[in-house]
Structures are given as structure tokens and as C-alpha cells.
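Offset between the sequence shown (1-based) and the working numbering: plus 63.
Quick reminder that beta carbons are idealized off the backbone N, C-alpha and C, glycines included.
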Amino acid sequence: MADIIGVIGVLILIVGGILFLIEAFKESIIWGIACLLITPVVLAFTVMHWGVAKKPFFIQLAGIGVMLIGAA
């Protein structure tokens with residue numbers, strides 16, 4: 064059962080990541096490519112564009128929470 068919960072958490076995390084990249088590419092192609100290739104840029108984008116990045120951020124956070132529940 065814990066394995067299934069962990070997999071669900073990973074899927075939620077992936078969905079949040081994809082939504083985040085969509086928002087970054089909507090902002091500009093440069094933001095999208097930078098977020099895709101350079102990890103620290105994700106943090107900068109999140110801080111600078113909180114209005115559009117908060118939903119994917121919280122989805123990813125929920126995915127991490129579900130993964131931790133599955134690991135317990």
C-alpha cells in the first residue's frame with residue numbers, strides 16, 4: 064500500500080513540474096528553457112513570478128507530502 068501512495072506522490076510531483084514549466088514557457092521562451100536546464104532558475108522564477116508559479120508550486124509540495132506519507 065505504501066508503494067502505491069509513493070507512486071501517486073511522484074505522479075503529483077511530475078504533474079506540478081509540468082504545470083510549472085508550462086507557466087515558465089508562457090512567460091517567455093527564455094524562462095522556460097532556463098527553468099528546464101538550470102535548476103536554480105526555478106527558484107528565481109518562483110520568487111519573481113509568484114502569481115503564476117504558486118499553483119504548480121503547491122501541487123509539487125502536495126506531491127512531496129504524499130511521497131513522505133507513503134514512505135512512513
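In its chain, beyond the 5 residues on either side, Ile-75, Gly-79 have a beta carbon closer than 8 Å to the beta carbon of Ala-125. Under the three-state reduction of DSSP, Ala-116 is assigned to helix. The three-state secondary structure of Ala-87, taken from DSSP, is helix.
Note on Phe-121: under 16 other CB atoms within 10 angstroms of its CB, so exposed under the neighbour-count rule. The beta-carbon separation of Leu-106 and Leu-84, rounded to 14 Å, does not stay under the 8 Å limit for a contact.
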